[in-house]
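Colleague:
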Amino acid sequence: LDLVNDQFVADYDILALQEPYLTFLNLTSSTSHWHVIYPSTHRKEGAGRSRAITLVNKKLSIDSWSTIATEHPDIAAVSIRSEDATVHVFNLYVDGEHDTALHAASRAVLNTILGGAEQPHHLVWLGDFNRHHPAWDDPTNLHLFSSENLRRAEHLITILDRHDLSMALPPGIPTLEASRTKNLTRPDNVFCTPAILERLRICTVLHDKRPTKTDHFPIQTVFDMPTAAAVRRPRKDFRRVDWAEFGRALTERVEARHFPTNINTKARFDQVLNSLMDDLQATIAEQVPETADTPYAKRWWSAELAKMRSEKERLGRIAFRHRATPAHPSHAEYRRYRNIYADNITAAKNDFWKAWIDSIDGKTIWDANRFLKRGATDGGRARIPPIRVPGEGGRERVLHTNEEKGAEFHHTFFLPPSTAIVPTGPYPKPLYDFKPITDTQVRRAIKALRAFKAPGPDAVPNEVYKHCADTLTPVLGSLFRATFTLQYYPERWKVSDTVVLQKPGKEDYTVAKAWRPIALLDCMSKILSRCVADVLVFEAEQKAMLADLQFGGRAGRTTTDSIHLVTKIVKDAWRRRHVASVVFLDIKSAFPAASPERLYHNLRMRGVPVQYVDWLRVKLSGRKTRIHFDDFSSELFDIVSGIDQGCPLSVILYAFYNSDLIDSADTKRGEHAVGSMDDVALVVTGKTFESCHDKVRRFMERDGGTQDWSAAHNSAFSLDKFGLINCKAQPKRIGLGPQLTLSDGTVVQPTDHHRFLGVLVDQALKFKQHVASAYARGSRLVSQIRRLAKARNGLTLPIVRRLYLSVVVPSMLYAADTFLTPIRKLAGHTRKHGSAGNIRRLAQIQRQALLVMTGALRTSPTDALEAHARLLPFDLLVDKICHRAAVRLCTLPKTHPLAPHVRRAGLKLVKSHRSSLHELLDAYRRWLAYRDTERIRPVRLHPRWTPRHRTHILADREAAVEDDARWALDGAYRVYTDGSDVDGGVGAAALLYAPGQEEPEVLQLYLGPSTRHTVYEAEIVATILGMELLRRALLCTQHASIGLDNTAAIRATTLRSPGAGRYLTDIFHAAVRDLKAARPRLCLTLRWVPGHSDVPGNEAADEAAKEAAHEASSATRLLPKSLRKPLPLSASRARQNFQHELDRRAGV
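Every letter in the sequence shown is one number past the one before it in this note's numbering, and letter 268, counting from 1, is 547.
1) Take residue 507 as the anchor and find which of 337, 794, 525 has the nearest alpha-carbon.
2) Exposed or buried, which one is residue 1292 when buried takes at least 16 other CB atoms within 10 Å?
3) Can you tell me whether residue 1421 is helix, strand or coil according to DSSP?
4) Return helix, strand or coil for residue 887, following the three-state DSSP convention.
5) Select from 1063, 1126, 527 the residue whose C-alpha is nearest the C-alpha of residue 748.
6) Compare the beta carbon distance of residue 1436 and residue 841 with 7 Å and say whether it is the shorter of the two.
7) Whose CA, out of 448, 517, 514, 473, lies closest to the CA of residue 485?
8) Give the straight-line distance between the Cα atoms of residue 574 and residue 860, rounded to the nearest whole angstrom.
9) Along the chain, where does the beta strand (DSSP E) containing residue 297 start, and where does it finish?
10) Would you say the stretch 1308 to 1322 touches the stretch 1239 to 1252, given that touching needs at least three Cβ pairs under 8 Å?
11) Is residue 688 near residue 791, with beta carbons less than 7 Å apart?
12) Would you call the stretch 850 to 869 in contact with the stretch 1007 to 1023, where contact means no fewer than 3 C-beta pairs closer than 8 Å?
13) Express the C-alpha separation of residue 1174 and residue 706 in angstroms, rounding to a whole number.
14) In the DSSP assignment, what residue or residues form a beta bridge with residue 331?
15) Have a look at 844, 1354, 289, 913 and flag the residue whose alpha-carbon is nearest the alpha-carbon of residue 1307.
16) Would you grab the beta carbon distance between residue 802 and residue 744 for me? Rounded to a whole angstrom, and I think it's under 8 Å.
17) Straight-line CA distance for residue 928 to residue 708?
18) Beta carbon of residue 972, beta carbon of residue 1044: below 7 Å?
19) What does the alpha-carbon distance come out to for the pair residue 471 and residue 311?
20) By how many angstroms is the C-alpha of residue 781 removed from the C-alpha of residue 795?
21) What does a CB cutoff of less than 7 Å around residue 1344 pick up in its chain, not counting 5 residues either side in sequence?
22) Going by DSSP, name the residue or residues bridged to residue 667.
23) Using 8 Å as the threshold, is the stretch 767 to 787 in touch with the stretch 900 to 915, meaning 3 or more CB pairs across them?
24) So who's on the other strand from residue 1428, going by DSSP bridges?
25) Could you give the DSSP three-state label for residue 922: helix, strand or coil?
26) Give the range of the beta strand (DSSP E) segment to which residue 717 is assigned.
27) Between residue 454 and the rest of its own chain, which residues show a CB-CB distance below 7 Å, the 5 nearest in sequence each way excluded?
28) Touch check for the stretch 717 to 735 and the stretch 804 to 823: three-plus C-beta pairs under 8 Å?
29) How about residue 1269 and residue 1286: are their beta carbons less than 7 Å apart?
30) To the nearest whole angstrom, what separates the beta carbons of residue 779 and residue 918, a pair I think is in contact under 8 Å?
31) Taking residue 1065 as the reference, which of 695, 698, 1238, 1132 has the closest Cα?
32) Starting from residue 1179, trace the alpha helix (DSSP H) both ways and give me its first and last residue.
33) Look at the alpha carbon of residue 1208 and the alpha carbon of residue 1200, and state the distance between them as a whole number of angstroms.
34) Work out the CA separation of residue 938 and residue 1262 for me, nearest whole Å.
35) Alpha carbon to alpha carbon, how far is residue 648 from residue 1399? Give it in angstroms, no decimals.
36) Helix, strand or coil: how does DSSP classify residue 1430 here?
Spelled out as structure tokens, the structure:
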């Protein structure tokens, strides 16, 4: 650590270390300034501890070097390529008692030269050879020249002569100082072949650079051999930007351009876009600092340590000058200061990480989580190894150069175009009309951008658009509207960056399929795509344009819905004494393989307006990408097929693309295709497995079936990922059941379980395998948290508790409502019913987490730990999760494919083969009923929608009180509303103060008991009552305001997102729309009035609401039609009620 943080090594290309420090995980400690090269046997089972490690500077181009395979733990070798030669550098640690490393290096030299390139080969052997000979050692060290030592040294010389290696380090220069005797010896050496020896410029020992805690001196070797340098790409630090100043500078530039609001030619479009990009780039160059490129990546390193290192080196030089005088005081001083320096490094590391751990709070907790999830690393820079590909004659070929790797990645990631014939119509009439993009849509798309994500080729990140939305939105709106009117998509938006990343958990990373692409698009084009995607998503749900059983990427649908539906279909079949077969299909390279022409056809057939389809045709044609990995950027490659995975449109477009596959299932014949993007589960039921398999074959082979869809859509199925489960209520009687044989000879073997959407589904639907998997996942995560939550100098209990609830529980209990049944007692039964065994097993993970949080003894009782950590007992935690899932199921709209199943399952608890839906709805029958719960629509308002009313919320309470009087001027109508929860009842009231009228008009409504409704609902209902009062005030045609003391209710009227109680805001919007249609000049404002601040109107509304909470409602004929029937159960109140029940059970 001392060495890699020293500035003097930053310019060296290679650091060769022997006997390096390795952690208990068998990893060294480096920085991102270096590539770490381990021996080929490193961390392999049965291999010894690695005693040679080579670090390659990141400044050296990846294309100019490669590793050399040496099957020995004490050799780390690399080949360095220049324009006219290749140098093979072998870093060796030779054991003093054995010569195996020398023989392994000799074999590796022969293999490398025989299989090498046409360039001349040069050799450099360096390292700790542990051999003593008068040819390099000080002749006065006679005790080193024993017969055995000389025999071993002569054997080394014989091997060196075999490869024509000569000594580069001049003889007599010591490289080691014995710790006890202080004797200077020469175990380390550098040997070179004659050709590379001619290029040697420096080979010497740097005695003053000796690192701490070692008795060896570093050897500096310099060759005159130019090598290719990595291209330096400066990075901007957008976390250190003064955004106010940035926005001012950008606004000045944009306003000086006087951009047009209407763009009518392609040339003008390019001019506006280029000018805007120039302004953005100029402002970034002016206002955003660059990230420092430094070799110091250790956060604990400090300027004080750098000063101490300089002093240590000064003392080292003095001590070396007096090496002939062992009693000289400089030796003791140097030794003392080196020890102090080493202790300070240890203290700096401890102090820094203690302070970092202590500083973790609610915001930085996710940094800690990211470190934990990443796992242990050596801190070195990652690199892509040589890639193996099939060659001629069945022999493998190895790709070493970056150009070859880039071409192979392009071949793997981006597939050739489809050759299938695509129909050209006739097409049905579009289901909705095309409308231009509005500035409101642009602003919402910008607001939805996530901060600190990697930018595209233009290097303008999301933060710029988010902080400068007011300046950029008008210009972007003009460009986005023009891209449709001109049917033009600029070339710069068609260029993407493709970053190559590892797929986790792969055994072999020398094949291209072990890596995955990440597409980075220009943020500006992604904002445009988000605007289009919002419209497609909204209309697809409103007009039911997608396959009914397509769950992936759709609003209001989750992966657990798919699993609920699969298990419900299977268990319904069992109750009919039928069996079921489930075939799991996986589409190979789904997004890259998609045919754009087939996509356009599917969109037209499903009613998407031709303007969107033609625009997509322009957008997806002529695409190009540049592949990035290590320090390499390829030339531009063409993309001729597929859907851009980094684009906001990709999910909804693929939902249209594979809807035909899901719709091809004949549900009347017992076929159900349940899809989630590229994962499809085909569930077929019948009296026998043979009949089920016949249905599967018919589904796959009939006209318009799976095979036809696959051929027409250029989407092959991964046969190695096919899964077949034969489901029967008593699986032990049949075993795995018969295999499935397709007409083309493909045989699918049955299994007892298969992973579907992250859940292990088994043939008995007991989910035992998944519980075991969830246990392993939870145990692994708790072990990771334990690394930071030590009793001393660890994370505090609140932080660990939050990590547990935010990371471990969601991961371990993902889809818990599908595989865990809440524990309860059934009527007429004495034993508890539910997944008691599985919950008890998983509860052990919570106990381990509690021990980590509290630092308590292992014998501490669990209930005491839970009370101390303020955690629910695990069975109640599962209950809470399952209840939330049940609440969501009861709010599903009737258009959801699971809704009829939920409705029927909630009627009664069947006696046998209960699905998870039956168990959930019966467990919470006291609190929930599908018919009696509010419906939450997945999409509510069109993306173009804007509120027809204004909102007015002042930040200061006193100012808001003074502001109230102003709203009574100029003959404005004032409405004051309030909601109240008093004495177990919930009521709402609205009072209208008309000009010249002393007494207000009042409307009141008793919503119901507080066990069914919330004050938030009452506040929204009160505004609806206020709208009814304004509707009846026929003279109110100019200005009106509604004052309420709940800012959340005011803000909710401006939101498009779904949620509990939003059906009431939709009623409010409908009332506003009707009133504005009748009185177009009316200006309506929802404003905040502080409660209990002696505002007369608000105080009167509060009293009226409290009166309404005691079942005092206005006459039914006076109420709005939408409020004349009882309101459904609030989903929020249902969750709150059950939380109170859990607290009661837990004794809180």
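Virtual Cβ for every residue (Gly too), placed ideally from N, Cα, C.
Modeller: Reading it off the structure:
1) Sequence index remark: in the sequence shown, residue 507 carries index 228 (1-based). Restricting attention to 337, 794, 525, the CA atom closest to the CA of residue 507 is found in 337.
2) Your numbering for residue 1292 matches position 1013 in the sequence shown. By the 10 Å Cβ count, residue 1292 comes out buried.
3) Along the sequence shown, read from residue 1 onward, the residue named residue 1421 stands at position 1142. Residue 1421: helix per DSSP, three-state reduction.
4) Against the sequence shown, residue 887 aligns to sequence position 608. Residue 887: coil per DSSP, three-state reduction.
5) As a first step, residue 748 is located in the sequence shown; it is residue number 469 there, counting from the start. Among 1063, 1126, 527, the Cα nearest to that of residue 748 belongs to 527.
6) With the chain covering only 280 through 1427, there is no way to say anything about residue 1436.
7) Here residue 485 is taken as the residue at index 206 of the sequence shown, counted from 1. Minimum Cα distance to residue 485 is reached at 448.
8) Position 295 of the sequence shown, counting from 1, holds the residue named residue 574. Position 581 of the sequence shown, counting from 1, holds the residue named residue 860. At residue 574, the pLDDT of 48 sits below 50, so the modelled position is not reliable and the matter cannot be decided from this model.
9) Counting from one through the sequence shown, the residue named residue 297 turns up at place 18. Element bounds for residue 297: 293 to 297.
10) With the rule of 3 Cβ pairs closer than 8 Å, the stretch 1308 to 1322 counts as touching the stretch 1239 to 1252.
11) Here residue 688 is taken as the residue at index 409 of the sequence shown, counted from 1. Here residue 791 is taken as the residue at index 512 of the sequence shown, counted from 1. For residue 688 and residue 791, yes; Cβs fall inside 7 Å.
12) The stretch 850 to 869, when compared against the stretch 1007 to 1023, does touch it at the 8 Å Cβ threshold.
13) Sequence index remark: in the sequence shown, residue 706 carries index 427 (1-based). Sequence index remark: in the sequence shown, residue 1174 carries index 895 (1-based). Counting only the Cα atoms, residue 1174 lies some 25 Å from residue 706.
14) Numbered from 1 along the sequence shown, position 52 holds the residue referred to as residue 331. Paired residue(s): 297.
15) Locating residue 1307 in the sequence shown gives position 1028, where the first residue counts as 1. Looking at the Cα atoms, 1354 is the closest of the given residues.
16) If you number the sequence shown from 1, residue 802 lands on position 523. If you number the sequence shown from 1, residue 744 lands on position 465. Right, their Cβ atoms sit about 6 Å apart.
17) Looking up residue 928 in the sequence shown gives position 649. Looking up residue 708 in the sequence shown gives position 429. Taking the straight line joining both Cα atoms gives about 23 Å.
18) As a first step, residue 972 must be located in the sequence shown, where it is residue number 693. As a first step, residue 1044 must be located in the sequence shown, where it is residue number 765. In this structure, residue 1044 does not lie closer than 7 Å to residue 972 by Cβ.
19) The count along the sequence shown starts at 1 and reaches residue 471 at position 192. The count along the sequence shown starts at 1 and reaches residue 311 at position 32. Straight-line measurement puts the Cα of residue 311 at about 29 Å from the Cα of residue 471.
20) To locate residue 795, count along the sequence shown from 1; it is residue 516. To locate residue 781, count along the sequence shown from 1; it is residue 502. One alpha carbon belongs to residue 795, the other to residue 781, and they sit about 6 Å apart.
21) Taking the sequence shown and counting its residues from 1, one reaches residue 1344 at position 1065. Contacts found: 1299, 1331, 1332.
22) Walking along the sequence shown from the start, residue 667 turns up at place 388. Bridge pairing for residue 667: 677 [DSSP].
23) These segments touch.
24) Limits of the chain in this structure are 280 at one end and 1427 at the other, which puts residue 1428 out of reach.
25) In the sequence shown, the residue the question calls residue 922 occupies position 643. Correct three-state label for residue 922: coil.
26) Counted from its first residue, the sequence shown places residue 717 at position 438. Unbroken run through residue 717: none, as it is neither H nor E.
27) For this step, residue 454 is matched to residue 175 along the sequence shown. Residues of the same chain with a CB within less than 7 Å of the CB of residue 454, apart from the 5 flanking positions on each side, are 465, 466, 467, 484, 495, 496, 498 in chain order.
28) By the Cβ rule, the stretch 717 to 735 counts as touching the stretch 804 to 823, because three or more pairs are nearer than 8 Å.
29) Taking the sequence shown and counting its residues from 1, the one referred to as residue 1269 is at position 990. Taking the sequence shown and counting its residues from 1, the one referred to as residue 1286 is at position 1007. Contact: no.
30) If you number the sequence shown from 1, residue 779 lands on position 500. If you number the sequence shown from 1, residue 918 lands on position 639. With 8 Å as the limit, residue 779 and residue 918 do not qualify as a contact, their Cβ atoms being about 15 Å apart.
31) By one-based count along the sequence shown, residue 1065 stands at place 786. It is 1132.
32) The residue you call residue 1179 lines up with position 900 of the sequence shown. Unbroken alpha helix (DSSP H) run through residue 1179: 1178 to 1184.
33) Locating residue 1208 in the sequence shown gives position 929, counting from the first residue. Locating residue 1200 in the sequence shown gives position 921, counting from the first residue. Near 8 Å, if we compare the C-alpha coordinates of residue 1200 and residue 1208.
34) Translated into positions along the sequence shown, residue 1262 becomes position 983. Translated into positions along the sequence shown, residue 938 becomes position 659. Those two C-alpha atoms are separated by around 52 Å.
35) In the sequence shown, residue 1399 corresponds to position 1120, counting from 1. In the sequence shown, residue 648 corresponds to position 369, counting from 1. Going by the C-alpha atoms only, they are around 51 Å apart.
36) Within the shown structure, residues of the chain are numbered from 280 to 1427, placing residue 1430 beyond reach of any answer.
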